[in-house]
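Participant: I have a structure I would like to understand better, so I am pasting it below and will then ask my questions one at a time.
There are 2 protein chains.
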Amino acid sequence: MTPFEQLMAYQRETAALEQVAGRLGWDQETVMPRGAADQRAEEMAAMEGVLHARRVDPRVGDWLAAIEETSLDDTGRAQLRHIRRDHERATRVPARLSAEIARVTSKAQRVWAEARAKDDVAHFLPILEQVVALKREEGAALAAEGDVYDAMLQDYEPGMTGAALDELFGALRPRLVALREAVLAKPEPQGVSGTFDEGVQMRLSRKIAQVFGYDMKRGRVDKAVHPFSSGSGLDVRITTRTAPTDPFNCIYSTIHEVGHASYEQNVDPAYLLTPLGQGVSMGVHESQSRIYENQLGRSRAFTDYLFREMRDAYGELGLVDPEAFYVAVNRVQKGYIRTEADEVQYNLHILLRTDIERRLISRELEVNDLEEAWNARFLADFGYPVDRPSNGVLQDVHWSVGLFGYFPTYTLGNVYAGCLNEALRRDVPDLDARLAEGETAPATDWLRENLQRHGGLREPRDTIAAACGAEPSEGPLLDYLEAKFGSIYGL
Amino acid sequence: MTPFEQLMAYQRETAALEQVAGRLGWDQETVMPRGAADQRAEEMAAMEGVLHARRVDPRVGDWLAAIEETSLDDTGRAQLRHIRRDHERATRVPARLSAEIARVTSKAQRVWAEARAKDDVAHFLPILEQVVALKREEGAALAAEGDVYDAMLQDYEPGMTGAALDELFGALRPRLVALREAVLAKPEPQGVSGTFDEGVQMRLSRKIAQVFGYDMKRGRVDKAVHPFSSGSGLDVRITTRTAPTDPFNCIYSTIHEVGHASYEQNVDPAYLLTPLGQGVSMGVHESQSRIYENQLGRSRAFTDYLFREMRDAYGELGLVDPEAFYVAVNRVQKGYIRTEADEVQYNLHILLRTDIERRLISRELEVNDLEEAWNARFLADFGYPVDRPSNGVLQDVHWSVGLFGYFPTYTLGNVYAGCLNEALRRDVPDLDARLAEGETAPATDWLRENLQRHGGLREPRDTIAAACGAEPSEGPLLDYLEAKFGSIYGL
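Now the structure itself:
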């Protein structure tokens, strides 16, 4: 075997072990007996130990050094790019620091949950201080001479920089703030009413997942507290949730996760268990979940179909016709919580968090001033004050587990979804007529062929550019939002 | 850390990884999407690779050499005994041979399934020949100068020898053959009749599992094609099956697996994720599943309770009273299949297999003469000829996956269960009165205290001897069977 072949064989085993570790997470959230938590923590730590040892294995460095890159084709070079980046990342961070981050974030997650339950920011800040210090140290190790936050972004969105975020998010903010203000000045539309059998919600959910092309032979849909997608290749599972008075939560959580899962299921089978065999970045991943959920799932055309399906499943919804249904699934309401936000307001939540975490990492902002900064920015963008920490700075788990540089990928996903939607509608003129019949294949086939099947072949931004035929920008998303909500709210 | 502490820390990680690998098996049989099989095979192979590398890691040998055994207490010495045995086993078998066995048995399992489906022995024999040759080679490596079959037995029942089996099984055979003949000369009693809702079967199954002390906080009951128990410590899951016209299959499969699972759940928590933290051998494990299923679950006393429960659950069973119910759950019928056999005939199936596999391994019997040997022995012990290979030599998966030395542990389990039942009834005089009320605690507490909690502390035979206060022998099982079936059949 050539050094490249040896490296790829080694990598394939690593990828298989990563799938095993990921499935432990699925198991924990869906079927694990509740008394198994302590043992599970040891099992996960042991798997992490195995994976870390493989990532820093000196043989990987030897193989990388021995490979003649010019002898490889495009695919081979792309594989190598991923492996080199992961290996460098793993070897730059001292083992002592990685272990310390694992230890402190594990504790911080528990402390955060307690603090949120008690609405007690002071309880959380000391351990957050430790997390931030450790993550700054890790970021500095990764950045070498470069920018620390830029280095952090590479874990989630390779190629992205703080400067690029400044430009993009700077252009989003004023138009989003203005749109939000205009929409919320209008009377609130009617929502769904009634109670909805949770068994029926799950059945409908599985049907709609398949309507969006999710392959149940290589996946499954279960209930969990938080919806998520898990796994790559031939075993990609999703979870959803049910709420008795809100059937939209289950349906749209499912469609969102189907977007993520379809990306994983539709990667070229030739890339199975290789670095190219999965979604290329968090931002591109989120573009798939968002376009499935919003630009397709919440479109006027698709809601025609979904209205009929839900009427068939539940009888009465308290909504008279498809138009009222469309308005209800796109209703914009005041609120504090990111995960409950609508398309208009969601990105404002992200812009706030991105700005604050960048200042935390660069030491412009200290942990003790975090709550004040959060509340001031919220008031500025949303127009009313945060009422309590669990609705403000304590609402998200991310920082407690050390995820700095992750938040912006949500909005990048929305921006990318805007671009993809524009290109899709250009290429598929009869899309709405088909969506109105519950046929999503024109859209999902387009996404599979132009984006999903390539997996990690291209860098994230190039992945979007290649699918759209143009560099990604914020314009299409803003135009889409202003047109859609302008029409719904008569602006 | 001392060498012993280092070894134990390393071992704890290995044990956690073994739990992860085991849970992959559970997942595969219960919830895995059917299209995931190819990827799952790679995942399992990668986990096996990790575990094998850990078992032969030279550091284990270094630690073992550096430990002053005299400085350890009994528990420490028992831990060391297990670790040393596993390490020696792993290092004695060349990596090339292990890999070849894995490759060939994986293929042999598929070929066996095809051969069984087609009732075509000739299709299976060539690959079985390869499996036997490889297992002989492995056995010779393990045995060094000793007996090859004895060496194989150590994988499943440490301390057991072919000579001890000769004595035990030789004493069992004539009395079992005679009992079988006497029972089958009598008229066949009435069985259960009707169809039984499979959802109700699963609900009742979960209830009875808890009646036998299974802790659902650290376990769960699912449906699978084959009932099994999986995992140790804080996460011990069982599966069962349902058949619409045979509600006893589900109930007794469940009670059997609860016996296995209770052993794993009830080991002293101080042994969690150590070599002592699980059942000590296959034979002792089977003693727990058998005593739960048979000596307790099929006792006249417990069937009083179970009859009421099943009548409440299903209404009519086609059985007039608890006595008729007792006779039905203990009915002896002609048959070819080991897994469907009753208490009277089960061990004859095992004696047949043990005798044949010993002769195969010692080359007294060649693979080409296997079917003839099987059929002759079956006719001798059961009194009628095998009608087709899928009811004979092709019925069990074991040999195709290289399990030689495993079969005898089933009968050892029955023999041990006989001994434990005798001791239990001596120590708990009011046992039947309690069982008739559905109270199994007097029995399950006795088993937990006297046997289960010790896990791997003592060698298998010593585990039984310590619980019973006497060396194990075949007498109690034979006396129990002759008394029970003598009474049911009026012999």
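Protein chains in written order, with the working numbering: chain P, 678 to 1168; chain B, 678 to 1168. A virtual CB, placed ideally from N, CA and C, is assigned to each residue, including glycine. Just so you know, these numbers come straight off a predicted model, no measurement behind them.
(1) Where does B:His903 land, buried or exposed, given buried means 16+ other C-beta within 10 angstroms?
(2) Compare the C-beta of B:Met685 with all C-beta atoms of chain P and state if any pair is closer than 8 Å.
(3) Would you say B:Val697 lies against chain P (beta-carbon separation less than 8 Å)?
(4) Classify P:Leu1168 as buried or exposed, calling it buried when 16 or more other Cβ atoms lie within 10 Å of its own Cβ.
(5) With distances taken Cα to Cα, identify the nearest neighbour of B:Leu694 among P:Ala692, P:Leu701, P:Glu745.
(6) Does P:Gln756 come within less than 8 Å of chain B when only Cβ atoms are used?
(7) Considering only their Cβ atoms, is the gap separating P:Val913 from P:Ala938 smaller than 8 Å?
(8) Is the beta carbon of B:Thr1016 closer than 8 Å to that of B:Pro999?
(9) Within the continuous beta strand (DSSP E) that includes B:Asp899, where are the two ends?
(10) Between the alpha carbons of B:Ser976 and B:Val825, how many angstroms are there, rounded?
(11) Does the CB of P:Asp667 have a neighbour CB from chain B at under 8 Å?
(12) Assuming contact is defined by CB atoms lying nearer than 8 Å, are B:Pro1085 and B:Leu849 in contact in what I supplied?
(13) Rounded C-beta distance between P:Glu958 and P:Pro1137? I'm assuming under 8 Å.
(14) Tell me which residues of the region 930-955 of chain P have at least one Cβ-Cβ distance to chain B shorter than 8 Å, keeping chain order.
(15) Looking at the secondary structure, which residues open and close the alpha helix (DSSP H) in which P:Arg761 lies?
(16) Could you tell me the distance, in whole angstroms, from the CA atom of P:Glu875 to the CA atom of P:Arg897?
(17) Would you say P:Met893 lies against chain B (beta-carbon separation less than 8 Å)?
(18) DSSP beta-bridge partners for B:Ser907?
(19) Would you check if the distance between the CB atom of P:Gly1082 and the CB atom of P:Asp704 is smaller than 8 Å?
(20) Check whether the Cβ atoms of P:Tyr940 and P:Gln965 lie closer than 8 Å to each other.
(21) Ignore the nearest five residues each way along the sequence and tell me which others in B:Arg1135's own chain have a CB closer than 8 Å to its CB.
(22) Give, in chain order, every unbroken run of the alpha helix (DSSP H) that is at least 4 residues long and sits entirely within the region 825-906 of chain P.
(23) Please confirm whether B:Asp739 has its beta-carbon closer than 8 Å to some beta-carbon of chain P.
(24) Quick check: is the beta carbon of B:Gly702 nearer than 8 Å to any beta carbon in chain P?
(25) For the alpha helix (DSSP H) containing P:Phe801, list its first residue and its last residue.
(26) Name the chain B residues that come within less than 7 Å of P:Gly1132, Cβ to Cβ?
(27) Any beta carbon of chain P sitting closer than 8 Å to that of B:Gln716?
(28) Determine whether the Cβ of B:Gly910 lies closer than 8 Å to any Cβ atom of chain P.
(29) Please say whether P:Glu934 and P:Ser906 have beta carbons closer to each other than 8 Å?
(30) How would you call P:Gln867, buried or exposed, if buried means at least 16 neighbouring beta carbons within 10 angstroms?
(31) My understanding is that P:Val781 touches P:Val808, with C-beta atoms under 8 Å, so please give their C-beta distance in whole angstroms.
(32) If we cut at 8 Å on Cβ distances, does B:Met678 have a partner in chain P?
(33) Run the CB neighbour count on P:Met678, radius 10 Å, all protein chains shown included, and call it buried at 16 or more, exposed below.
(34) Take every Cβ of the region 1044-1051 of chain B, pair it with every Cβ of the region 989-1007 of chain B, and state whether three or more of those distances are shorter than 8 Å.
(35) Quick check: the region 1012-1026 of chain P against the region 1066-1077 of chain P, are at least 3 beta-carbon pairs closer than 8 Å?
(36) When the Cα of B:Arg732 is compared with those of B:Ile744, B:Gln716, B:Arg689, B:Asp715, which residue comes out closest?
Facilitator: According to the structure data:
(1) Answer is exposed; the Cβ neighbour count stays below 16.
(2) B:Met685 does not count as touching chain P.
(3) By the rule that beta-carbons nearer than 8 Å mark a contact, B:Val697 touches chain P.
(4) Residue environment analysis places P:Leu1168 among the exposed positions, since fewer than 16 neighbouring C-beta atoms fall within 10 angstroms of its C-beta.
(5) Nearest option by C-alpha distance: P:Leu701.
(6) Residue-level contact by beta carbon fails for P:Gln756 and chain B, as no gap is shorter than 8 Å.
(7) Yes. Within cutoff.
(8) No, these two residues do not count as a Cβ contact at 8 Å.
(9) Judged by DSSP secondary structure, B:Asp899 falls within the beta strand (DSSP E) whose first and last residues are 898-900.
(10) Straight-line Cα distance between these residues: approximately 40 Å.
(11) An answer regarding residue 667 of chain P cannot be provided, because it is not within the stretch 678 to 1168 covered by chain P.
(12) Annotated as distal: B:Pro1085 and B:Leu849, with beta-carbon spacing of 8 Å or more.
(13) Note on residue identity: the sequence assigns Ser, not Glu, to residue 958 of chain P. With a Cβ gap of about 4 Å, P:Ser958 and P:Pro1137 count as contacting.
(14) Taking 8 Å as the Cβ-Cβ cut-off against chain B, the residues of the region 930-955 of chain P that qualify are Leu949, Leu950.
(15) Boundaries of the alpha helix (DSSP H) around P:Arg761: 751-769.
(16) Going from the Cα of P:Glu875 to the Cα of P:Arg897 covers about 17 Å.
(17) Chain B, which has a Cβ nearer than 8 Å to the Cβ of P:Met893, makes this yes.
(18) According to DSSP, which records beta bridges pairwise, B:Ser907 is partnered with B:Arg914.
(19) No, the pair does not count as a contact, with Cβ atoms beyond the cut-off.
(20) A Cβ-Cβ contact shorter than 8 Å links P:Tyr940 with P:Gln965.
(21) Take B:Arg1135, set aside five residues on each side of it, and the residues of its chain with a beta-carbon closer than 8 Å to its own are Ala755, Val957, Ala1143, in chain order.
(22) List check, alpha helix (DSSP H) in window: 825-830, 839-861, 875-888.
(23) By this cut-off, B:Asp739 is not an interface position.
(24) Using a Cβ-Cβ cut-off of 8 Å, B:Gly702 does not count as an interface residue toward chain P, since no Cβ of chain P sits closer than that to its own.
(25) Looking at the DSSP string, the run of the alpha helix (DSSP H) that includes P:Phe801 is 798-820.
(26) Contact annotation for P:Gly1132 against chain B: no contact, minimum CB-CB distance about 15 Å [criterion: below 7 Å].
(27) Output row for B:Gln716: interface = yes.
(28) So, interface residue.
(29) In this structure, P:Glu934 lies closer than 8 Å to P:Ser906 by Cβ.
(30) When all chains shown are included, P:Gln867 counts as exposed.
(31) The Cβ separation is near 6 Å, so the contact holds.
(32) Taking Cβ atoms only, chain P never reaches closer than 8 Å to B:Met678, which makes this a no.
(33) Classification for P:Met678: exposed.
(34) Flag = no, the region 1044-1051 of chain B and the region 989-1007 of chain B do not touch.
(35) Yes: at least three Cβ pairs fall under 8 Å.
(36) It is B:Arg689.
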